[in-house]
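Chains as they are written, first to last, in my numbering: chain A, 1 to 301; chain B, 302 to 439. No residue lacks a Cβ here, since even glycine has one placed at the ideal position from N, Cα and C. Report on the following structure.
This is the structure:
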């Protein structure tokens, strides 16, 4: 049976009258990697901060391991590892002091894992946090987030602004947490190919709402990308059933559409066209269709 | 293990892995009894979630291409990868061919061009197998 680690129910939150989260529901199941995607300002970080008890739910409920992170921060945070987007770390500490400081909060701290990662990353433990490069900061933050082998690892834009080497270190930590310990991971990213490769479940947020959420392979198979030829030219994208986004011009159009291919094909034929080729859409195509500019047009239409 | 993931071709990642392992076994590039990389190793190499490898290996085990030995690892099974039905094998290949033809059409290659290029690639691959690369020699 799939065990629920995170259960967010119809969570809403606004800041100074601006809606940041609008009836968001989100579940994370044990042993799975959950990818969170969406444009800047879509609400990803706000959602993650609620899981950590850093923000209190205005309406709706947040449960992590069945606990309320605001009412029971120790019960939740001792079992969670978190790497924030800004990588806030105490600047005045040395790297080894940061490790001892973090260890103090976590009885399950694994010193040999900490040492192994310090060595792999070639991090100098005597260096001050404020002297670290951007990549080294991320590595130090990562060790602090994973060395207690948390049941739930939350990474907010872990790859943001990092070179390929450090991005790989991050992916390595995710893979190890899941493969070796059966842990649960939630990570947000704007790198859609990374999310597509690394996630078992994907949730797309758009303007404070969950636009879609599900098992990645199911999400992908629910959307198709088809190439369509028409007998006549179209100056404007032709209206087609289930179409979410269209690119092209004249007689040839590429269309991202949802639902059954039969229904779509029927609609194309009715307009004097034929479907030349169809395949499951990529996450990026779905993302752009649901949250991009053309998606907004399609919603408005 | 030489596997490449193509996110653009619309085939689920676990299925791409299943297809390519089947191909590697059927073509003799990996031999019966040979050990497959552990889940963590392959997940890291391909930069995919470990559960995708678990799913792919699970499906390969069900179709008797590989088997797990308790406490040791995952190995290529002895015998016939042809246990995969002809229909299934055709379906896998036809999917790829359809994509190839559509792409070729888009890029202005004729079907004859494509057939010739497939043969050329095959010849080039055979030569690579005959002469191991620098990396494999080490």
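Item to check | Beta-bridge pairing of residue 24 of chain A - partner residues as DSSP gives them | outcome: A:11, per the DSSP bridge assignment.
Next on the checklist: Just to confirm the assignment: which complete beta strand (DSSP E) runs, minimum length 3, are found wholly within the segment 80-135 of chain A?
Outcome noted: Those beta strand (DSSP E) runs which fall completely within the segment 80-135 of chain A and span 3+ residues are 80-83.
Item to check | Cβ shell of residue 302 of chain A (< 6 Å), same chain only, five flanking positions each side left out | outcome: Any question about residue 302 of chain A goes unanswered here, given that chain A covers just 1 to 301.
Item to check | Best match in A:239, A:185, A:171 for proximity to residue 346 of chain B [C-alpha to C-alpha] | outcome: Of the candidates A:239, A:185, A:171, the one whose C-alpha sits nearest the C-alpha of residue 346 of chain B is A:171.
Checklist entry - List, in order along the chain, the chain B residues whose C-beta lies closer than 8 Å to that of residue 171 of chain A? => result Under the 8 Å cutoff, chain B gives 345, 348.
Checklist entry - Should the segment 14-23 of chain A be regarded as contacting the segment 179-198 of chain A, the criterion being three or more beta carbon pairs within less than 8 Å? => result The segment 14-23 of chain A vs the segment 179-198 of chain A: no contact.
Next on the checklist: Taking 8 Å as the cut-off, does the segment 136-147 of chain A touch the segment 99-106 of chain A (at least 3 CB pairs, one atom from each stretch)?
Outcome noted: As far as the Cβ criterion goes, the segment 99-106 of chain A touches the segment 136-147 of chain A, which means the pair count is three or higher.
Next on the checklist: Using CA atoms only, rank isn't needed, just tell me which of A:285, A:289, A:291, A:290 is closest to residue 311 of chain B.
Outcome noted: Closest by C-alpha distance to residue 311 of chain B, out of A:285, A:289, A:291, A:290, is A:285.
Item to check | C-beta atoms of residue 33 of chain A and residue 352 of chain B nearer than 8 Å | outcome: Yes, the Cβ-Cβ distance between residue 33 of chain A and residue 352 of chain B is below 8 Å.
Next on the checklist: What are the residues in the segment 308-322 of chain B lying within 9 Å of chain A by C-beta distance?
Outcome noted: Taking 9 Å as the Cβ-Cβ cut-off, the segment 308-322 of chain B approaches chain A at 308, 309, 310, 311, 312, 313, 314, 315, 316, given in chain order.
Next on the checklist: Quick check: what's the CA-CA separation for residue 299 of chain A versus residue 290 of chain A?
Outcome noted: Summary for residue 299 of chain A: the model assigns pLDDT 43, below 50, so the residue's position carries little reliability, and this model does not support an answer.
Next on the checklist: In this structure, how does DSSP classify residue 233 of chain A when only helix, strand and coil are distinguished?
Outcome noted: Under the three-state reduction of DSSP, residue 233 of chain A is assigned to strand.
Checklist entry - According to a CB-to-CB cut-off of less than 7 Å, which residues of the segment 15-37 of chain A neighbour chain B? => result Cβ contacts with chain B come from 32, 33.
Checklist entry - Under three-state DSSP, which class holds residue 280 of chain A? => result Shown here, residue 280 of chain A sits in a strand according to DSSP, grouped into three states.
Checklist entry - Which class does residue 3 of chain A belong to by DSSP, given the choice of helix, strand or coil? => result Coil.
Checklist entry - Near residue 361 of chain B, what residues of its chain come up, given a Cβ to Cβ distance below 8 Å and the 5 sequence neighbours on each side ignored? => result Correct list, in chain order: 319, 322, 323, 367.
Item to check | Unbroken stretches of the beta strand (DSSP E), 3 residues or longer, contained in the segment 17-70 of chain A | outcome: If we require 3 residues or more, the beta strand (DSSP E) runs fully inside the segment 17-70 of chain A come out as 18-29, 33-37, 59-64.
Checklist entry - At a Cβ threshold of 8 Å, is residue 203 of chain A touching chain B? => result For residue 203 of chain A, the answer is no, since every Cβ of chain B falls outside 8 Å of its Cβ.
Checklist entry - Taking Cβ positions, are residue 52 of chain A and residue 77 of chain A nearer each other than 8 Å? => result With contacts defined by Cβ atoms closer than 8 Å, residue 52 of chain A and residue 77 of chain A form a contacting pair.
Checklist entry - How about residue 282 of chain A: is its C-beta nearer than 8 Å to some C-beta of chain B? => result At least one chain B Cβ lies under 8 Å of residue 282 of chain A.
Item to check | For residue 274 of chain A, three-class secondary structure by DSSP | outcome: In the structure shown, residue 274 of chain A sits in a strand (DSSP, three-state: E or B).
Next on the checklist: If I follow the unbroken beta strand (DSSP E) through residue 246 of chain A, where does it start and stop?
Outcome noted: Looking at the DSSP string, the run of the beta strand (DSSP E) that includes residue 246 of chain A is 243-258.
Next on the checklist: Just to check my reading of the structure: residue 305 of chain B and residue 200 of chain A have Cβ atoms closer than 8 Å, yes? What is that Cβ distance to the nearest angstrom?
Outcome noted: Wrong, their Cβ atoms sit about 21 Å apart, outside the cutoff.
Checklist entry - Since residue 94 of chain A contacts residue 127 of chain A with CB under 8 Å, what's their CB separation in whole angstroms? => result Rounded, the Cβ-Cβ distance is 6 Å, consistent with contact.
Item to check | Environment of residue 195 of chain A [buried if 16+ CB atoms lie within 10 Å] | outcome: Under this definition residue 195 of chain A is a buried residue.
Next on the checklist: I believe residue 282 of chain A touches residue 327 of chain B by the beta-carbon criterion, under 8 Å. Please report the beta-carbon distance rounded to the nearest angstrom.
Outcome noted: About 28 Å separates the beta carbons of residue 282 of chain A and residue 327 of chain B, which is beyond the 8 Å limit, so they are not a contact pair.
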